[in-house]
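Shown next, in structure tokens, is the structure this report addresses.
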Amino acid sequence: MNKVMETMLSHRSVRKYTDEPVSNEMLESIVACGQAAATSSFIQAYSVVHVTDTDHRAQIAKAAGGQVWVNNAPVFLVLCADMLRINQCCVGQEMGELEGYAEHFMAATVDVGLAAQNMMLAAESLGLGCVFIGGIRNDPAVVRDLLELPKHVYPAFGLCLGWPDQDTEVKPRMPVDVVIHQGKYRADTVAEDVAGYDQVMSEYYGSRSGNQRVSNWSEQTAAAIQKKKREHMLAFLQEQGFLLR
Ligand SMILES: Cc1cc2nc3c(=O)[nH]c(=O)nc-3n(C[C@H](O)[C@H](O)[C@H](O)COP(=O)(O)O)c2cc1C
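Position in the sequence shown counted from 1, then plus 1, gives you the numbering used here.
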């Protein structure tokens with residue numbers, strides 16, 4: 002175990018921050034660490050919008066289901082999958098506009114995810130606390146319109162950053178041997194794997210310091226996933242020039 006791995010393994014989302022600001026210099030270093038992530042075919046298909054207007058921030062927090070930490074974090078960023086510059090390359094090279102292939106959506110979405118995780122890790126290594134905000138996809142058109150996101154760009158998720166004003170426990174992940182499959186996929190143990198992890202998470206939910214509840218991973222996951230269908234997403238992504246073929 003080294004310091005980087007220790008930082009990774011002590012990750013927990015932080016949703017409450019002190020009033021201490023995060024300097025622009027620090028923010029730029031964090032974004033530079035995001036940019037250092039590997040990127041499909043070197044396309045670097047992402048942009049980071051630093052939301053500086055308080056009214057925009059309030060409207061985005063509301064669109065994200067009233068998440069107060071979106072309003073209160075010293076820094077709020079919208080992380081976008083961005084194929085606009087790649088489109089420019091293609092047009093400039095007289096190879097035609099992008100046509101919205103699913104593969105390009107995948108590449109840009111993976112790229113923004115990798116950059117985002119590098120940013121979060123860099124921020125956490127500096128002692129900052131962070132949380133991603135997928136809630137912005139509740140109403141992505143609001144985010145697009147406020148931030149004037151053009152075609153070939155979509156808001157994937159937000160990132161709140163600030164100095165932690167809470168100390169929550171690390172949430173136990175699934176056992177490594179549930180996630181690793183040796184040689185071939187092992188589907189026949191899935192029911193027992195989930196049942197075993199339900200037991201672990203039920204103990205965690207019942208004993209953690211805040212927000213204790215009687216529940217398990219299956220219950221929480223099924224409720225969250227079936228609630229967040231966000232049926233508007235396909236049409237929204239198509240409006241932005243993604244997933245057309
Ligand atoms: C893409 C993504 C979107 C997320 N969206 C939200 C969100 O909208 N609001 C929130 O409070 N947490 C959000 N989270 C944080 C997760 O709830 C959190 O990472 C998960 O419960 C595991 O907890 P931990 O990060 O403390 O280990 C998001 C995480 C990811 C990766």
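Ideal Cβ positions, reconstructed from N, Cα and C, are used throughout, including at glycine.
Unbroken beta strand (DSSP E) run spanning residue i, endpoints
i	result
Pro165	Per DSSP, Pro165 belongs to no beta strand (DSSP E) and is neither H nor E.
Gly184	Per DSSP, Gly184 belongs to no beta strand (DSSP E) and is neither H nor E.
Ile134	130-134
Host alpha helix (DSSP H) of residue i (start-end)
i	result
Tyr205	191-208
Thr8	4-10
Asp146	141-148
Leu238	234-240
Val32	25-36
Gln221	218-228
Same chain, Cβ closer than 8 Å to residue i, five either side skipped, listed in chain order
i	result
Ser42	Ala108
Met121	His12, Cys131, Phe133, Leu160
Thr19	Gly163, Trp164, Pro165, Asp166
Ala39	Leu115
CB contact flag (residue i, residue j, <8 Å)
i	j	result
Ile61	Val69	no
His51	Glu125	no
Gly97	Gly242	no
Val23	Gln167	no
Phe158	Gly135	yes
Val79	Ile31	no
Ser210	Glu170	yes
Ala82	Leu244	no
Gly207	Gln200	no
Pro141	Phe237	yes
Contact set for residue i: own chain, Cβ-Cβ below 7 Å, skip 5 residues either direction
i	result
Lys152	Gln241, Gly242
| request: Kindly provide the ranges of any alpha helix (DSSP H) runs that are 4 or more residues long and lie completely inside the region 40-120, ordered along the chain. | output: With a minimum length of 4 residues, the continuous alpha helix (DSSP H) runs that stay inside the region 40-120 are 55-64, 69-73, 85-93.
| Taking a cut-off of 7 Å, which residues have a beta-carbon closer than that to any heavy atom of ligand 1, in chain order? | Per the Cβ criterion, the list is His12, Arg13, Ser14, Arg16, Ala65, Gln68, Trp70, Val132, Phe133, Ile134, Gly135, Gly136, Phe158, Thr169, Val171, Lys172.
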